[in-house]
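A.B. asks: Below you'll find the structure I mean.
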Amino acid sequence: MHRRERRRYVIGYGGSLLLTLAVFAIAYHFGIETTGVYLTIGLLGLAQLIVQLVYFLHIDRRRSSREDLDLILFSTLVLLIIILGTVWILGNLAIRMHGM
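Just so you know, this note's numbering puts 390 at position 99 of the sequence shown, and the rest follows in order with no gaps.
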């Protein structure tokens, strides 16, 4: 049991490290000005989030961890509402101020 747990942590650490180094390599090689780089960095960030949820927080599709997954999804929804609402309000304010 202990070996399996340690193996999961090592795999998670290796995956997170690999994804982080991939983001730095892409940003260093291609620069940060293009839209494709932003999309790639966002997708790699999402992949790293999934790796960390699975390997470090042990969130998966089993029945026992479904409540934890529901809590994480609800927290994500609340954060998205707050962030997108803020961007929407500030964007609307910027349009109104520069329109005069």
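Cβ coordinates follow ideal geometry from the N, Cα and C atoms, glycine included.
Keep in mind it's a predicted model, so treat the numbers as computed, not measured.
Would you identify the three-state DSSP class for residue 349, choosing helix, strand or coil?
C.D. replies: Residue 349: coil per DSSP, three-state reduction.
A.B. asks: Determine the extent of the alpha helix (DSSP H) in which residue 387 is found, giving its start and end residues.
C.D. replies: Run containing residue 387: 357-389, per the alpha helix (DSSP H) assignment.
A.B. asks: Could you check which residue in 351, 340, 379 and 388 has the C-alpha nearest to that of residue 367?
C.D. replies: Nearest option by C-alpha distance: 340.
A.B. asks: Taking only the alpha-carbon atoms, compute the straight-line gap between residue 375 and residue 293 and give it to the nearest angstrom.
C.D. replies: Cα to Cα, the separation comes out at about 43 Å.
A.B. asks: So the alpha helix (DSSP H) residue 296 belongs to, where does it begin and stop?
C.D. replies: Residue 296 -> alpha helix (DSSP H) spans 293-321.
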